[in-house]
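Notes follow once the structure below has been shown.
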Amino acid sequence: MSLARATLLYEWRRFLPGLLSVAFAGVLMLVQLGLLLGMFGTVTVLVDRSGANLWVTSPETESFDQSRDIPANLGALLRLHPEVTRSETMLVHDADWRSGDGTRVAVSLVGLQPAADALACPQPMRDALCARLAEPSTVVVDRGEADKLHAVIGRLAEVNGHRVRVVGLSKGLRSIGNTYVFASAQTARELSEPSATGEDLTTFVLAKTRDGTPEGARDDLQSLLRRPAYRVWTAREFSMNSQQWWLTESGVGAGFLFSSLLGLIIGTVITSQTLRGVILSTLREYATFRAIGVPAAKLSAVVLEQSLWIGVLGAVLTVIVSILANALAQALYVPLVLTWWAVLTAVLIGLFTAMISGLLALRELYRLEPAELLR
Amino acid sequence: MNRSDAIAPSISASGLVHGYGKGAARTPVLHQLSLQFWPGELSLMMGASGSGKSTLLAVLSGLLRPESGSVNLLDTPIWNLTERELERFRFQHCGYVFQNFNLFPALTATEQVALPLHFAGVRETQARQRAEAALDEVGLSGRMGLRPAQLSGGEKQRVAIARALIGSPKVLFADEPTSALDSANSEIVIALLQKIAKTHGATVITVTHDPRLTGHAERIIRLQDGMVIEDSRPNGTDGAALSLAAGTAATGTQHSTGNHP
């Protein structure tokens, strides 16, 4: 049994604050990152869950929630490309929701092809819900937002003053902004305010290419659509760009970095103080071994082994708590995304924090004068 | 000095000067002290607090570099060694026992004693065997699995002595080893230190202000204001005390002679 482990086990209460602070810093970081990714995921949920791999937007669009209307007939142009097999439109317009009991909520009305295999139909709705929208004046809303909208299956509501009926509740299709209300393209057009020019407009034109590599088709179509300018994206690009925009331009990313950094600093300070306290409490013993002639480096190894253990145990605790937090979030329909790379990063940062704390605490050992035992 | 004729001293210090503080605030602690110690003997260094006995022990044991003077420990001028060499020298030849035992709370008696070997890279099983033998020697064979919290003061000090013995040191330095103990335990501990001096042929130097210990010492050195005022052998050759004391003082400076009683 090494001195480091024996002391850890015997005086675990002393080490607990350090361990907890490492774990806490890790959980703080992971949950924040998870919420952030979850939140950004909601920005692009309709892109990520759709069957399309090419998206056409208005030229100034940087994020999914920013696109302005474009002509719906661009789809016909897209279909001329030999790689493109299908194209569709997706309409996303702001609308006014009014539930049966008079609650008013601003929503985003999403119009799509009411078919199970529609490109625009997001994955969790493909089983049944999209097809159900073929019935005129029907809508689907997300389970996680149903309370807010006072929506119940079968119950009536109003969108922009037109009566609609809720025919289903989707799962995992929450929005970062206004709640999504899904309807067929036909229904959505009827519920929207008509365009001033009478031109057939939509928000996005989607397409699917023959194989899984739409980059070639994108380049061709982009050069074709230079004037009038539209932006052609692969689904992946569009999703990444939207999330990146939210991360960098919205200030949310900076907030995350700041609070994570704060958590790490607090974790390091508490852990190093914990280790320092342990060293100070056994300073005479360490001094005795310095007197015997054991080099300070060998005693430092004891402290560093302890910090490593704190890091490892703290990381394990981080992972356990994060998994529990994830389960809780799923149960509450809170979009939280826990990725393996985020967990790995948190574990490594936890270990790093603990080791830095150990190194900071070593000062006490190197300051030690064994002759002071003889005072 | 019959003794020095027969056996060479294991420790020989000369012209030790040390003080704390600087300039006008300097408090001198050791005044041109010269002393010799021989193997197989337990020497008690006694004196009031501030007499310089602990500082002397620190200088003799290689823990505190004196301002001037030299210490030859086992024929090695230790204060000419580098810090690293001195560490290695202490590790190979010196044992230390302190007033407060200084045992790690988390370790069992066996683990405490084996720890120096652990740092020396000795294999676990071998370290354990040697630790058990050392604990047996100090009479703790029945207490090997206990932690400091489960041991009495006397037992703790014996564990500390076993730990000091584990490297088979030629010299053993003890600082007030009995001051935290009752008389019965003090008796056990000092008798043990004396026995170690005999059986291991070790040089044992014990700093104490405890008069109960004098019966167990081959030699008693009394210090006052950083000078030796008495150097006697209570059970040894008669007249040795005075001649030794005089001899020690003669190698010192004028004022050490002046302070001689």
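If you're matching them up, the sequences are chains A and B in order. Just so it is clear: in the first sequence, position 125 is 125 by our numbering, and no numbers are missing. Just so it is clear: in the second sequence, position 16 is 16 by our numbering, and no numbers are missing. Ideal placement from N, C-alpha and C gives every residue a C-beta, glycine not left out. All values reported here derive from a predicted model rather than from experimental measurement.
Since residue 375 of chain A meets chain B, which of its residues come closer than 8 Å, beta carbon to beta carbon?
-> Indexing the first sequence from 1 puts residue 375 of chain A at position 375. 54, listed in chain order.
Whole-angstrom distance between residue 60 of chain B and residue 225 of chain B, CA atom to CA atom | For the purposes of this step, residue 225 of chain B is taken as residue 225 along the second sequence, with counting starting at 1. For the purposes of this step, residue 60 of chain B is taken as residue 60 along the second sequence, with counting starting at 1. When rounded, the distance between both Cα atoms is 17 Å.
Enumerated in chain order, which unbroken segments of the beta strand (DSSP E) with a length of 3 residues or greater are wholly contained in the region 259 to 322 of chain A?
-> none
Proximity below 8 Å, CB of residue 126 of chain B to CB of residue 175 of chain B = Translated into the one-based positions of the second sequence, residue 126 of chain B becomes position 126. Translated into the one-based positions of the second sequence, residue 175 of chain B becomes position 175. No, the Cβ-Cβ distance between residue 126 of chain B and residue 175 of chain B is not below 8 Å.
Counting contacts by CB-CB distance shorter than 8 Å, is residue 105 of chain B in contact with chain A?
-> As a working note, residue 105 of chain B is residue 105 in the second sequence. With 8 Å as the cut-off, residue 105 of chain B counts as an interface residue toward chain A.
Looking at C-beta atoms only, is the number of pairs between the region 65 to 80 of chain A and the region 151 to 163 of chain A that lie closer than 8 Å three or more?
-> no
Under 9 Å by beta carbon: chain A residues contacting residue 175 of chain B | Walking along the second sequence from the start, residue 175 of chain B turns up at place 175. Near residue 175 of chain B (Cβ distances below 9 Å), the residues of chain A are 373 and 374.
Quick one: list the residues of chain A neighbouring residue 63 of chain B, beta-carbon separation under 7 Å, in chain order.
-> In the second sequence, counting from the first residue as 1, residue 63 of chain B sits at position 63. For residue 63 of chain B, the chain A residues whose Cβ falls inside 7 Å of its Cβ are 291, 370, 371 and 374, in order along the chain.
Going along the chain, which residues of the region 261 to 277 of chain A sit with their C-beta nearer than 8 Å to a C-beta in chain B?
-> So nothing in the stretch comes that close.
Can you find a C-beta in chain A that's less than 8 Å from the C-beta of residue 102 of chain B?
-> Stepping through the second sequence from its first residue, residue 102 of chain B is reached at position 102. By this cut-off, residue 102 of chain B is an interface position.
Runs of beta strand (DSSP E) wholly within the region 145 to 218 of chain B (minimum 3 residues, chain order) = 171 to 175 and 203 to 208
Can you tell me whether DSSP reads residue 130 of chain A as helix, strand or coil?
-> Looking up residue 130 of chain A in the first sequence gives position 130. Of the three classes helix, strand and coil, the one that applies to residue 130 of chain A here is helix, per DSSP.
Contacts of residue 87 of chain B in chain A (Cβ-Cβ under 7 Å) | Residue 87 of chain B sits at position 87 when you count from the first residue of the second sequence. Within 7 Å Cβ-Cβ: 293 and 295.
Decide if the region 205 to 217 of chain A is in contact with the region 82 to 96 of chain A; the criterion is three or more beta carbon pairs, one per stretch, under 8 Å apart.
-> yes
Counting only beta-carbon atoms, is residue 272 of chain B nearer than 8 Å to chain A?
-> Nothing can be reported for residue 272 of chain B: it is not among the residues displayed for chain B, which extend from 1 to 261.
Can you pull the chain A residues whose beta carbon is under 8 Å from the beta carbon of residue 58 of chain B, in chain order?
-> Taking the second sequence and counting its residues from 1, one reaches residue 58 of chain B at position 58. Listed along the chain, the chain A residues whose CB falls inside 8 Å of the CB of residue 58 of chain B are 371 and 374.
Verify the CB distance criterion: does residue 116 of chain B have a CB-CB separation below 8 Å to chain A?
-> In the second sequence, counting from the first residue as 1, residue 116 of chain B sits at position 116. Answer yes: the Cβ-Cβ gap between residue 116 of chain B and chain A drops below 8 Å somewhere.
Between the beta-carbon of residue 349 of chain A and the beta-carbon of residue 26 of chain A, is there less than 8 Å?
-> As a first step, residue 349 of chain A is located in the first sequence; it is residue number 349 there, counting from the start. As a first step, residue 26 of chain A is located in the first sequence; it is residue number 26 there, counting from the start. In this structure, residue 26 of chain A lies closer than 8 Å to residue 349 of chain A by Cβ.
Return no unless some Cβ of chain A is closer than 8 Å to the Cβ of residue 123 of chain B.
-> Position 123 of the second sequence, counting from 1, holds the residue named residue 123 of chain B. Taking Cβ atoms only, chain A never reaches closer than 8 Å to residue 123 of chain B, which makes this a no.
Contacting residues, own chain, Cβ-Cβ under 7 Å from residue 307 of chain A (five flanking each side not counted) | Locating residue 307 of chain A in the first sequence gives position 307, counting from the first residue. Excluding positions up to five away in sequence, the list reads 275, 354, 355, 357 and 358.
Own chain partners of residue 38 of chain B with C-beta closer than 7 Å, once the 5 adjacent residues on each side are dropped = Start at 1 with the first residue of the second sequence, and residue 38 of chain B comes out as number 38. Hits under 7 Å: 3, 7, 9, 10 and 203.
Residue 157 of chain A, DSSP secondary structure in three states | Position 157 of the first sequence, counted from the first residue, corresponds to residue 157 of chain A. In the structure shown, residue 157 of chain A sits in a strand (DSSP, three-state: E or B).
Residues near residue 290 of chain A by beta carbon distance below 6 Å, same chain, minus five either side = As a first step, residue 290 of chain A is located in the first sequence; it is residue number 290 there, counting from the start. If we look at residue 290 of chain A and ignore the five residues flanking it on each side, its Cβ neighbours are 368 and 370.
Identify whether residue 189 of chain A lies in helix, strand or coil by the three-state DSSP scheme.
-> For this step, residue 189 of chain A is matched to residue 189 along the first sequence. Correct three-state label for residue 189 of chain A: helix.
How many Å lie between residue 237 of chain A and residue 244 of chain A at the Cα?
-> Along the first sequence, read from residue 1 onward, the residue named residue 237 of chain A stands at position 237. Along the first sequence, read from residue 1 onward, the residue named residue 244 of chain A stands at position 244. Spanning the two alpha carbons is a distance of roughly 10 Å.
List the residues that DSSP assigns as beta-bridge partners of residue 180 of chain A.
-> Taking the first residue of the first sequence as 1, we reach residue 180 of chain A at position 180. Note: residue 180 of chain A sits in a beta bridge opposite A:108.
Residues in its own chain within less than 7 Å of residue 39 of chain A by CB, not counting five upstream and five downstream?
-> Counting from one through the first sequence, the residue named residue 39 of chain A turns up at place 39. Within the same chain, residue 39 of chain A has close Cβ partners 176 and 335.
For residue 10 of chain A and chain B, any beta-carbon pair shorter than 8 Å?
-> Taking the first sequence and counting its residues from 1, one reaches residue 10 of chain A at position 10. By this cut-off, residue 10 of chain A is an interface position.
Whole-Å CB distance - residue 189 of chain B paired with residue 143 of chain B, under 8 Å assumed | Translated into positions along the second sequence, residue 189 of chain B becomes position 189. Translated into positions along the second sequence, residue 143 of chain B becomes position 143. Not a contact, Cβ separation roughly 15 Å.
Locate the alpha helix (DSSP H) running through residue 128 of chain B, then write down its first and last residues.
-> Mapped onto the second sequence, residue 128 of chain B falls at position 128. Here the alpha helix (DSSP H) through residue 128 of chain B covers 124 to 137.
Using the Cα positions of residue 148 of chain B and residue 211 of chain B, report the straight-line distance between them to the nearest angstrom.
-> As a first step, residue 148 of chain B is located in the second sequence; it is residue number 148 there, counting from the start. As a first step, residue 211 of chain B is located in the second sequence; it is residue number 211 there, counting from the start. So the alpha carbons of these two residues sit roughly 27 Å apart.
Contact set for residue 42 of chain A: own chain, Cβ-Cβ below 7 Å, skip 5 residues either direction = Along the first sequence, read from residue 1 onward, the residue named residue 42 of chain A stands at position 42. So the qualifying residues of the chain are 174, 175, 176 and 335.
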